[in-house]
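Residue numbers (UniProt numbering): 1 to 135. Quick reminder that beta carbons are idealized off the backbone N, C-alpha and C, glycines included. Please read all numbers here as calculations on a predicted model, not as lab measurements.
What follows is the structure, encoded as structure tokens:
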């Protein structure tokens with residue numbers, strides 16, 4: 001996949017962000033602390049959902065550099081791949097049409113955040129603790 005190029009279908013898609021090392025345990029800890037309460041439940045573990053435009057704005061602010069989100073047509077994205085054109089094209093298009101975790105993604109993430117044990121890191125806080133090194 002060409003770096004920095006995303007198909008046009010991801011413009012409005014909301015993607016989940018999580019500090020995998022710092023925050024995953026806060027979701028797992030909730031389940032381990034009250035296994036009966038969470039039996040059969042699914043944690044759509046993320047701090048929040050972000051559009052690509054929001055991500056690049058946060059990256060720009062964090063680095064002091066202009067980060068640009070460049071949309072390309074889905075067909076051009078597929079052509080940029082060395083294999084799996086249709087599979088990856090559909091996979092990257094899925095969140096736009098159905099939501100990352102399905103049609104109720106916002107509520108599912110909000111529920112997971114409310115049930116996590118401890119405060120989760122925002123993308124801004126993550127980038128402050130783990131600065132990006134842009135060329």
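Closest option to residue 53, judged by alpha-carbon separation, among 125, 13, 120: 13. As DSSP reads the structure, residue 48 sits in a beta bridge with 17. With a beta-carbon spacing of about 19 angstroms, residue 27 and residue 129 fall beyond the 8 angstroms limit used to define contacts.
Across the set 76, 57, 105, 84, the C-alpha of 57 shows the shortest separation from the C-alpha of residue 127.
Taking C-alpha positions only, residue 100 is separated from residue 21 by approximately 21 angstroms. A straight line joining the alpha-carbon of residue 124 with that of residue 65 spans about 15 angstroms.
Only buried fits residue 121, as 16 or more other CB atoms lie within 10 angstroms of its CB. Boundaries of the alpha helix (DSSP H) around residue 86: 85-98. Residues 26 of the same chain have their beta carbon placed closer than 7 angstroms to that of residue 118, with the five preceding and five following residues left out of the count.
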